[in-house]
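Participant: Supplied in structure tokens, the structure appears directly below.
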Amino acid sequence: MRAFVVDEQDGQLTLGATDVEPHATDSDDVLVKVDLSGVNYKDALVAMAKSRVRRVPSLVGGVDAAGVIAESLDPNLTVGTRVAVHGGNLGVGRDGGFAEYVFAPSRFINVLPDSISTRHAMVIGTAGFSAMESVLALEAHGLVAGVEVLVTGATGGVGSLAITFLAARGYSPVASTGSPQESSWLEERGAARVIGRDEISDKPDRVLASERWAGAIDCIGGDTLQQILRSLCYGGAVAASGLVAGSDLTTTIYPFITRAVSLIGIDSVEATASTRSRVWTALGQIAHKVDFAPLVDREVSLGHVADALEIVRKGETRGRILVNPNKG
Ligand SMILES: NC(=O)c1ccc[n+]([C@@H]2O[C@H](COP(=O)([O-])OP(=O)(O)OC[C@H]3O[C@@H](n4cnc5c(N)ncnc54)[C@H](OP(=O)(O)O)[C@@H]3O)[C@@H](O)[C@H]2O)c1
Numbered sequence: 120m121r122a123f124v125v126d127e128q129d130g131q132l133t134l135g136a137t138d139v140e141p142h143a144t145d146s147d148d149v150l151v152k153v154d155l156s157g158v159n160y161k162d163a164l165v166a167m168a169k170s171r172v173r174r175v176p177s178l179v180g181g182v183d184a185a186g187v188i189a190e191s192l193d194p195n196l197t198v199g200t201r202v203a204v205h206g207g208n209l210g211v212g213r214d215g216g217f218a219e220y221v222f223a224p225s226r227f228i229n230v231l232p233d234s235i236s237t238r239h240a241m242v243i244g245t246a247g248f249s250a251m252e253s254v255l256a257l258e259a260h261g262l263v264a265g266v267e268v269l270v271t272g273a274t275g276g277v278g279s280l281a282i283t284f285l286a287a288r289g290y291s292p293v294a295s296t297g298s299p300q301e302s303s304w305l306e307e308r309g310a311a312r313v314i315g316r317d318e319i320s321d322k323p324d325r326v327l328a329s330e331r332w333a334g335a336i337d338c339i340g341g342d343t344l345q346q347i348l349r350s351l352c353y354g355g356a357v358a359a360s361g362l363v364a365g366s367d368l369t370t371t372i373y374p375f376i377t378r379a380v381s382l383i384g385i386d387s388v389e390a391t392a393s394t395r396s397r398v399w400t401a402l403g404q405i406a407h408k409v410d411f412a413p414l415v416d417r418e419v420s421l422g423h424v425a426d427a428l429e430i431v432r433k434g435e436t437r438g439r440i441l442v443n444p445n446k447g
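See the structure below:
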């Protein structure tokens with residue numbers, strides 16, 4: 120089969136589409152025929168020389184995929200079922216979704232709701248799964264529809280899908296972006312208003328900023344997350360999933376002990392079966408309200424994945440880049 124392979128030998132990194140044999144890691148792995156995969160920020164990290172994210176020297180890239188089950192010994196995952204595959208070490212420590220076929224253990228495989236096609240599942244992808252996981256985490260914390268919710272990295276995968284899903288559930292998402300030229304596009308996705316990256320908080324000379332956000336979805340980390348914490352409303356919460364601006368977090372204890380705010384960690388990789396089920400069910404319930412087509416930045420063949428990874432690494436995406444392994 121054709122696949123996009125990341126290979127590093129003796130410090131020499133090679134990226135490209137080539138022919139490989141699909142192979143199961145365990146005898147009960149399920150084989151999925153891939154309709155589409157998606158390019159995630161993590162894929163860009165995996166495909167770097169001396170990557171600290173990639174766990175093996177050589178593998179098929181792609182942390183997610185959607186398609187149809189081709190072979191399975193699991194009675195709950197029958198041949199022909201439409202599924203999304205993501206999580207664990209897929210595309211990080213074992214062959215991933217940038218291929219015509221992918222083998223995965225049952226626990227990485229999610230049966231799609233009837234309302235979500237395999238194409239829409241990959242417009243959602245790991246990014247959209249994390250976005251909805253973030254929405255549900257804020258709601259479990261007490262967030263209720265009608266309020267403004269801050270979303271950072273708004274034009275990226277997690278950000279644009281968070282805006283879309285928040286709007287579909289009755290919130291007023293406020294998009295924070297470093298790409299002001301995309302303001303109209305963000306408003307079309309459901310943003311109630313658009314602000315710059317440096318407009319999240321005020322009073323830079325004070326420990327705490329004005330109380331602005333009942334909730335926030337952040338995939339940027341670093342100073343952005345610090346600014347969110349100091350500008351959350353009393354009892355508010357931020358769901359943090361990413362580190363685009365860095366992995367260090369410098370903050371004070373004051374937002375926590377004087378405003379009772381919460382920092383909620385979001386992880387899609389080791390999400391439990393019950394979390395996966397809750398998130399995909401919630402996605403299925405709003406799918407009819409979502410205009411998926413404009414969320415696709417572009418669709419590329421396996422031969423153009425390397426270029427797509429570079430675009431993602433530079434933060435130049437608008438929504439999601441899809442990978443079609445069946446495209447010449
Ligand atoms: N925890 C999990 O399970 C999980 C799951 C999925 C993703 N993630 C993480 O979430 C993050 C985002 O992933 P993604 O797939 O949405 O990435 P993406 O599509 O590349 O989007 C990232 C966005 O961040 C903004 N940005 C880029 N460089 C920036 C910088 N230096 N400072 C501030 N903002 C910057 C850009 O949006 P604007 O131009 O609009 O500002 C960009 O579009 C990554 O760190 C990824 O690893 C985590």
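Numbered per this note's numbering, the sequence shown finishes at 447, counting up by one with no gaps.
Positions of the beta carbon are idealized from the N, C-alpha and C atoms, including for glycine.
Computed from a predicted model, the values in this text were never measured in an experiment.
1) Examine ligand 1 and report whether any of its heavy atoms sits within less than 6 Å of the Cβ of Y160.
2) When you compare only the Cα positions, how much space is there between S298 and I430?
3) If I'm right that A203 touches A240 with Cβ under 8 Å, what's the distance once you round it to whole angstroms?
4) Report yes or no: is there a C-beta of chain C within less than 7 Å of the C-beta of M251?
5) Thinking C-beta only, is L305 closer than 7 Å to V293?
6) With a 10 Å radius around its C-beta and 16 neighbouring C-beta atoms as the bar for buried, classify R213 as buried or exposed.
7) Start and end of the alpha helix (DSSP H) containing F284?
8) At a cut-off of 6 Å, is C338 close to ligand 1 when judged by its beta-carbon and the heavy atoms of the ligand?
9) Hey, would you say the C-beta of V277 is under 6 Å away from at least one heavy atom of ligand 1?
10) Assuming L414 and R439 make a contact with CB atoms under 8 Å, what is their CB distance in whole Å?
11) What does the Cβ neighbour count give for G206, buried or exposed, with the cut at 16 atoms within 10 Å?
12) Measure the alpha-carbon distance for V139 versus S320 and round it to whole angstroms.
13) Is there at least one non-hydrogen atom of ligand 1 closer than 6 Å to the beta-carbon of A273?
14) What do you reckon, is the C-beta of I376 under 6 Å from a heavy atom of ligand 2?
Facilitator: Let me lay it out:
1) Yes; taking the cut-off as 6 Å, the Cβ of Y160 has a heavy atom of ligand 1 nearer than that.
2) Cα to Cα, S298 sits roughly 14 Å from I430.
3) Contact between A203 and A240 is confirmed by a C-beta separation of about 4 Å, below the 8 Å threshold.
4) The structure shown contains no chain C; it holds only a single protein chain.
5) Between V293 and L305, the CB-CB gap reaches or exceeds 7 Å.
6) Around the beta carbon of R213, 16 or more other beta carbons lie within 10 angstroms, which makes this residue buried.
7) First-last of the alpha helix (DSSP H) with F284: G276 to A287.
8) Yes.
9) Under cutoff, so the answer is yes.
10) L414 to R439, Cβ: 6 Å. Contact.
11) With 16 or more neighbouring CB atoms inside 10 Å of its own CB, G206 falls in the buried class.
12) Between V139 and S320, the C-alpha separation is close to 50 Å.
13) Closer than 6 Å to some heavy atom of ligand 1: that describes the Cβ of A273.
14) Among the ligands in the structure shown, ligand 2 does not appear; only ligand 1 can be found there.
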